[in-house]
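Trainee: Below you'll find the structure I mean.
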Amino acid sequence: MTKIEHHKQKRSFAEWVTFCIALLILAVIVSLVGYTWLNDENQPPILSVTEKQTIREIDGQFYVPFEVVNTGGDTAESVQIIAELQINGKVVETGEQQIDFLSRSETEEGAFVFSQNPSQGKLILRVSSYKLP
C-alpha cells in the first residue's frame, strides 16, 4: 500500500497580508450593508415645490422658476407638478410639469411660462401626483 503524506505548507507573509486585507474589505462591506439595512427608514417620498427666484418677463412671456425636492426616503417616479394662476379669484392659466424620477434628497428645477403676469394674481404651485418605482 502506498502511504499518502499530507504536508502542511506554511503561508508566506505576503499571503497573510493579502488574506487580512481581503478580510478587512469583506468586513467593511458587510458592516455597511448592515448599517444601511438597520437605518433605512423606508419612508415614502415627501415632495415639496417652491418658487426659486423672481419672475422674469421676456417677449411678453412670464417665466416662473421652481424647485422640487424629495426629502423622504424612497424614490418617486413621474412626479407631476401643477401651477395655477388665479386673477380676481378665477383660474386664468394653468401649467403642468413632469419630473421622470426624484430620488432621496434630490432637487430638480424647472420653470412655468405664463402669458399673463403672475404678480397680478395668486400663483399656486403644488405636487399633484407621483408613483413608486
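Residue numbers for the sequence shown, in this note's numbering: 117 to 249. The C-beta atom is built at its ideal place from N, Cα and C for all residues, glycine as well.
#1: Could you check the C-alpha separation between V207 and G237 for me, to the nearest Å?
#2: By a C-beta neighbour count over all protein chains shown, 10 Å radius and 16 as the cutoff for buried, is E130 buried or exposed?
#3: Near K126, what residues of its chain come up, given a Cβ to Cβ distance below 6 Å and the 5 sequence neighbours on each side ignored?
#4: Tell me, please, which residues DSSP counts as bridged to E183.
#5: Say the cut is 7 Å; is the CB of Q236 nearer than that to a heavy atom of the ligand ZN?
#6: Could you please give the first and the last residue of the uninterrupted beta strand (DSSP E) stretch that includes K247?
Mentor: According to the data block:
#1: 10 Å
#2: Going by the sequence as given, residue 130 is Ala instead of Glu. Per the 10 Å Cβ criterion, exposed.
#3: none
#4: T166, E225
#5: Questions concerning the ligand ZN fall outside what the structure shown contains, since it holds no ligand whatsoever.
#6: 238-247
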